[in-house]
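Written out below as structure tokens is the structure these notes cover.
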Amino acid sequence: MTPFGHRTARLVRAAARERDDARLPQRLCRAICQGLPVDDVSLCLATASADRQLLAATGPAALRLEEVQYETGEGPGPEAAATGRAVLYPDVRAHPMPYPFFAPRLHEELDHAGAVCAFPLNLGPHTLATADCLCYEPLRLDDDSLTGATQALEEAAVVIADRCLPYFAADAPLPWRPARIIDDHWGTTYRAVGVLAGLLSIPVSEALARLRACAFTTGRPLPALAREVLKLRREQPRDEN
């Protein structure tokens, strides 16, 4: 394992030793950001290609990176989740990324990004989550460094499986902070998709695709559109019968 791989694993273990589950995802996010040569990190469960669940982000830029991936349905995070391998675009200013929707939106929203990468958090053959990273300058890592980072993050996958997944399995209230931000950016969207599907009598997948298309064409964040859908639903007159 490379030096920063060892450092990342050590920081992840230190974050896991604290028993406060409410701050666990945020501690893991900070540990990954400190261990890897990156500037911002979002940590996201890879439940499905169209159904990623944010756990934590180190700051607004990392949160916006995850939002853009969710809005467009593509990016390094979904690619890492699908392949189980680290994905690195070392210089996004000089070399275009192969994502027709994500790439232009990234340049619009995060024009200070120099490199974007995603590391899978693997449990055996399964990818449980991804650590999606922003670098403000270009970042070039050799194969050994990529492998070392991925191996180090397997420890984070074990922690998430042991300490986070039980809340989902029990359908229990999520204790994580900042819960309001997570719900605003993900829970609101899920609820709006369900409302839109009901109003238009269309499948949920089509409702999500329509919201994504609207976000892409208007340049507005998906959560803002979702809040409008929910507001319109509340303002509709109710059937008295």
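Per the numbering used here, residue 457 is the first one in the sequence shown, and the count goes up by one each step.
Backbone N, C-alpha and C define an ideal beta-carbon position, used for all residues, glycine too.
{"Asked": "Going by alpha carbons, who is nearest to Leu499 out of Val615, Arg475, Leu688 and Leu667?", "Found": "Val615"}
{"Asked": "Figure out for me which residue from Gln490, Ala478, Arg479 and Asp476 has the closest Cα to the Cα of Ala465.", "Found": "Gln490"}
{"Asked": "Within the region 542–586, note down every full beta strand (DSSP E) run reaching 3 residues or more, in order along the chain.", "Found": "543–545 and 571–579"}
{"Asked": "Mind checking which residues open and close the beta strand (DSSP E) that includes Gln509?", "Found": "Gln509 to Ala513"}
{"Asked": "Would you list the one or two residues that DSSP bridges to Leu501?", "Found": "Gln509 and Ala585"}
{"Asked": "Once the 5 residues before and after Phe557 are set aside, which same chain residues still bring their CB inside 7 Å of it?", "Found": "Thr528, Glu530 and Phe672"}
{"Asked": "Does the Cβ of Gly580 have 16 or more other Cβ atoms within 10 Å, making it buried, or fewer, making it exposed?", "Found": "exposed"}
{"Asked": "Less than 7 Å separating the beta-carbons of Ala502 and Thr586?", "Found": "yes"}
{"Asked": "With distances taken between CB atoms, is the gap from Leu656 to Leu667 smaller than 7 Å?", "Found": "no"}
{"Asked": "Are Thr539 and Phe575 touching if we call contact CB-CB under 7 Å?", "Found": "no"}
{"Asked": "Roughly how many whole angstroms lie between the Cα atoms of Pro493 and Ala653?", "Found": "42 Å"}
{"Asked": "CB-CB under 7 Å to Asn697, same chain, minus the five flanking residues each way: which ones, in chain order?", "Found": "Any reading at Asn697 must be qualified, since the residue scores a pLDDT of 47, below 50, and its modelled position is unreliable; no value is offered."}
{"Asked": "Give me the residue from Arg676, Val651 and Met553 with the minimum Cα distance to Lys687.", "Found": "Val651"}
{"Asked": "Looking only at its own chain, which residues have a Cβ that is under 7 Å from the Cβ of Glu565, when we skip the five neighbours before and after it?", "Found": "Arg520 and Val524"}
{"Asked": "Can you confirm whether the region 540–552 touches the region 593–604 when touching is taken to mean that 3 or more C-beta pairs between the two stretches lie within less than 8 Å?", "Found": "yes"}
{"Asked": "Which of the three DSSP states, helix, strand or coil, is assigned to Cys620?", "Found": "coil"}
{"Asked": "To the nearest angstrom, report how far apart Glu593 and Glu610 are at their CA atoms.", "Found": "26 Å"}
{"Asked": "Out of Pro659, Val468 and Ala536, point me to the one whose CA is closest to His582's CA.", "Found": "Ala536"}
{"Asked": "Drop a sphere of 10 angstroms on the beta-carbon of Ala613, count the other beta-carbons inside from all chains shown, and report buried for 16 or more, exposed for fewer.", "Found": "buried"}
{"Asked": "Using DSSP with H/G/I as helix, E/B as strand and the rest coil, what is Leu492?", "Found": "coil"}
{"Asked": "With C-beta atoms as the reference, is Ala512 less than 7 Å away from Pro481?", "Found": "yes"}
{"Asked": "Helix or strand or just coil, what does DSSP make of Leu597?", "Found": "coil"}
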